[in-house]
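Working notes for the structure below.
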Amino acid sequence: MNEKDIATYISKQSNLRVLGLNNRYLNEVPSLIGNLKHLRYLNMSSSSINSLPESMTCLQNLQILKLKGCTELRELPKGMKNLRNLRCLDINGCNSLVCMPAGLGQLKHLQTLSIFIVGSDGGQQIGELEELNLSGELTIKGLHNVRDSEDARSANLKRKQDLCALILDYGDIKTDNLLDNDEEILDGLQPHPNLKKLSIWSYQGLKFPNWMLDLDLQNLIEISLVGCKRCEHLPPLGKLPSLKVLSIVAMDAFKCFNNDCYGDGEQSFPALEKLSFSAMPSLEEWTTVDRGENFPRLRNYTSINVPDGLLQNHKVLEFLWISGLRNLKTLSHQLDNLSALKELTINCCNSLEYLPDGLKNLRSLERLELRIVTALHPYRRQGYKACLP
1 MNEKDIATYI SKQSNLRVLG LNNRYLNEVP SLIGNLKHLR YLNMSSSSIN
51 SLPESMTCLQ NLQILKLKGC TELRELPKGM KNLRNLRCLD INGCNSLVCM
101 PAGLGQLKHL QTLSIFIVGS DGGQQIGELE ELNLSGELTI KGLHNVRDSE
151 DARSANLKRK QDLCALILDY GDIKTDNLLD NDEEILDGLQ PHPNLKKLSI
201 WSYQGLKFPN WMLDLDLQNL IEISLVGCKR CEHLPPLGKL PSLKVLSIVA
251 MDAFKCFNND CYGDGEQSFP ALEKLSFSAM PSLEEWTTVD RGENFPRLRN
301 YTSINVPDGL LQNHKVLEFL WISGLRNLKT LSHQLDNLSA LKELTINCCN
351 SLEYLPDGLK NLRSLERLEL RIVTALHPYR RQGYKACLP
């Protein structure tokens, strides 16, 4: 159905309440859509539209607007604030969207707003979020445009108890544009303790905010820290009782995984099941602590360009990916005690000459994958593969 066919259809359906135009061949939405006064649900996900007609803001009864995956969409209608009954605005995957229309904070019924972009040079400020009772997932982009900690607190994230996932995205920041108050701003973006998933992208402060150090987020099950290049230390994440997934990528200044990360409890990372570390060029040391038990439930570990000190005595580990250790010649006996290991992948370890003989004793091993390990002798490869069931 092309734009002309859609316009013809709309002209004959004045009482329409639900409309699905989620078609990747759809390039333009006819302005006649504004005549559908009774429309409550509109889905244009994955279409190729780059703009929406201003007439859409006449849809006073519209409650759900889905634009997920509209990768060409560059702007929303300026009069979005007129959609008084709007409850859901799904713009996930609208990667070309660069700004938000004015007045979104006036949509008192809005509960789902997947993305909010903080404007620059007088654009829409983060305070638009203050009165919105949002739930589900929220990504805030353009945090480098937040002026100060007071501006950050105006988002009122601490009172949004129904948010389950939050992504705080600073975007691409040039070195000469770093803010002196990054730490204060992130401190002002403290979420509600009910939050389940937290991601922080491209944060340029030297340390993480107080609310991460004080561990006010006891219900967190997933944390992702990406591109926090200037942070030298991690919060004591090992004390989080519900944390199941931890992913840390491109923390360039981070040097040592030590007691500060484990915390001072009897058991560190008690619920963690999946751990991923990658692109951390300064990481030199991974210490273990003798007290209690560490990572008792860890089943999946990915290590890319980081030390392998974690590999000892993890009897429930099932999936292990090791990559990018170009100077690694042997894993010694660090695999011997991984009695539950099912899958082992070793990738881009060009100096690796042999694997430990104890590998043959890993009775649970079902899959061994060796990728770009050029120093490993061919007959050794065959020998290890012969150990698999």
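Per full-length UniProt numbering, residue 1 is the first one in the sequence shown, and the count goes up by one each step.
Note that CB positions come from ideal geometry on N, CA and C, so glycine has one too.
This structure is a prediction, so every number in the text was calculated from the model and none was measured.
- Message: Tell me the rounded alpha-carbon separation between F208 and T8.
- Response: 56 Å
**Prompt:** Alpha carbon to alpha carbon, what distance is there between R367 and L189?
**Reply:** 44 Å
For Q382, name the three-state secondary structure that DSSP assigns.
-> Residue placement at Q382 is poorly supported in this model, since its pLDDT is 49, which falls under 50; the coordinates still yield a value, given next. Three-state DSSP puts Q382 in a helix.
**Report entry** CB-CB length for L166 against P191, believed under 8 Å
**Finding:** 5 Å
- Message: Bridge partners for N43 per DSSP, in chain order?
- Response: G20 and K66
Nonlocal neighbours in the same chain, by C-beta distance under 6 Å from K274, ignoring five residues either side: V245 and N300
*asked:* If the criterion is Cβ atoms closer than 7 Å, does the pair E183 and N156 meet it?
replied: no
Cβ-based burial, Q204 [other Cβ within 10 Å; buried from 16]
buried
How would you call I200, buried or exposed, if buried means at least 16 neighbouring beta carbons within 10 angstroms? buried
Going straight from the alpha carbon of E3 to that of V29, what length do you get?
7 Å
Buried/exposed call for Q125, threshold 16 Cβ in 10 Å
buried
Between the alpha carbons of N35 and T57, how many angstroms are there, rounded? 10 Å
Practice task
Could you tell me the distance, in whole angstroms, from the CA atom of K197 to the CA atom of L168?
Solution key: 11 Å
Exercise. Between M280 and F116, what straight-line distance do the alpha-carbon atoms span, to the nearest angstrom?
Worked result: 29 Å
#### Entry: Per-residue DSSP class, three states only, for D216
coil
**Asked** Does the distance from the CB of R24 to the CB of S46 come in under 7 Å?
**Response** yes
Fill in: Simplified DSSP state of T57, which is helix, strand or coil
helix
**Prompt:** In whole angstroms, what is the alpha-carbon distance linking L163 and A253?
**Reply:** 31 Å
| For N15, which residues from the same chain have a beta carbon less than 8 Å from its beta carbon, with the 5 sequence-adjacent residues on both sides left out? | H38
So, are the CB atoms of D338 and L376 less than 7 Å apart?
Reading the sequence as shown, one finds Leu at residue 338 and not Asp. Not a contact, by the Cβ cut-off of 7 Å.
query = What first and last residue would you give for the alpha helix (DSSP H) that runs through A165?
reply = Looking at the DSSP string, A165 is not in any alpha helix (DSSP H); the run it does join, the beta strand (DSSP E), is L163 to D169.
ask   = Residues bridged to W321 by DSSP?
value = T302 and T345
- Query: Alpha carbon to alpha carbon, how far is N327 from E369?
  - Reply: 19 Å
Please confirm whether L134 and L113 have their CB atoms less than 7 Å apart.
yes
**OP:** Consult DSSP for S364 and reduce its assignment to one of helix, strand or coil.
**Re:** coil
Inset, instruction - Determine, using beta carbons only, whether residue 391 and N210 come nearer to each other than 7 Å. - result: Because the chain here runs from 1 to 389, residue 391 falls outside it and cannot be looked at.
### Task
Counting only the same chain and skipping the five closest in sequence on each side, list residues whose C-beta sits under 6 Å from that of L76.
P101
Exercise for the section: Would you mind sorting P236 into buried or exposed? The rule is 16 or more other CB atoms within 10 Å of its CB. Expected result: buried
request  = Pull up the distance between the alpha-carbon of Q60 and that of T139, whole angstroms please.
outcome  = 26 Å
Among H109, M44 and R17, which one has its Cα closest to the Cα of G69?
M44
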